[in-house]
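S.K.: Residue numbers (the working numbering): 38 to 238.
We put the beta carbon where it would ideally sit given N, CA and C, even for glycine.
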DNA sequence: AACTCGGGGCA
DNA sequence: TGCCCAGAGTT
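Given below as structure tokens:
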């Protein structure tokens with residue numbers, strides 16, 4: 038474990054590496070963002086980006102999904118794995134959006150987490166990326182990078198990591214930190230053969 | 001806290 | 001061929 042000051046230095050260096058970092062997922066609005074992030078569970082961003090074009094072409098909005106069925110959605114996302122669960126999530130979530138939120142994506146954590154297939158991580162992405170509200174999503178990349186550099190304990194849970202990092206950085210850096218850690222984790226601080234030493238002091 | 005979902009990419 | 005991947009729900 039490094040000191041809080043050192044942890045802040047490391048995070049700031051990683052943020053500085055990606056001044057223009059955006060999410061890798063392709064989306065045109067907050068609904069597509071919500072679905073794209075939900076689909077990204079336990080798979081890669083590339084896999085999700087391969088299916089979203091045809092998926093949203095066929096189902097452009099919550100209403101389109103809501104009058105559909107999980108079985109009709111499945112073929113469009115079959116290649117990403119976990120597709121039966123995810124098709125049900127999309128269908129149920131879309132119906133919840135229509136019934137409870139006027140077909141619009143809610144902008145607070147409580148309502149977002151009430152939706153099928155949306156947990157704390159996805160809710161935080163929608164809040165920060167979609168609504169520009171300070172939130173810090175912790176996924177496998179963020180978790181691995183923070184542990185690898187001793188910013189959090191080796192056995193820290195996602196919620197603990199969220200708390201530690203948001204305590205280290207000011208709120209206006211959370212979104213950048215999230216983006217940067219994703220890119221750093223994908224490209225440099227990889228699960229195997231990480232090359233952090235070439236980029237961090 | 002452990003279990004389940006799951007096809008594709010890569011070593 | 002085996003392991004891992006932008007998690008969330010259920011038991």
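Kindly give me the distance between the Cβ atoms of residue 38 and residue 159, rounded to whole angstroms, as I take these residues to be in contact under 8 Å.
M.R.: Not confirmed; about 29 Å, so no contact.
S.K.: Considering Cα atoms alone, identify which of 146, 187, 225 is closest to residue 164.
M.R.: If we check each option's Cα against that of residue 164, 146 comes out closest.
S.K.: Tell me the residue span of the alpha helix (DSSP H) that contains residue 145.
M.R.: Here residue 145 belongs to no alpha helix (DSSP H), and DSSP marks it neither H nor E.
S.K.: Go through the region 72-152 residue by residue and report every complete run of the alpha helix (DSSP H) that reaches 4 residues or more, in order.
M.R.: 82-95, 99-103, 107-114, 120-138, 146-150, all fully within the region 72-152.
S.K.: Which runs of the alpha helix (DSSP H) spanning at least 4 residues fall entirely within the region 199-223, listed in chain order?
M.R.: If we require 4 residues or more, the region 199-223 turns out to have no alpha helix (DSSP H) run fully inside it.
S.K.: How would you call residue 207, buried or exposed, if buried means at least 16 neighbouring beta carbons within 10 angstroms?
M.R.: Exposed, by the Cβ-count rule.
S.K.: For residue 121, collect the residues of the same chain with a Cβ closer than 7 Å to its Cβ; drop the 5 residues on either side in sequence, then sort them by chain order.
M.R.: Once the five neighbours on either side are set aside, the close Cβ partners of residue 121 are 111.
S.K.: Just reading off the alpha helix (DSSP H) that residue 178 is part of, what are its end residues?
M.R.: First-last of the alpha helix (DSSP H) with residue 178: 177-185.
S.K.: Tell me which same chain residues have a C-beta within less than 7 Å of the C-beta of residue 205, skipping the five on either side of it?
M.R.: Answer for residue 205: 41, 44, 45, 48, listed in chain order.
S.K.: How would you write the range of the alpha helix (DSSP H) that residue 59 sits in, first residue to last?
M.R.: Run containing residue 59: none; DSSP gives neither H nor E here.
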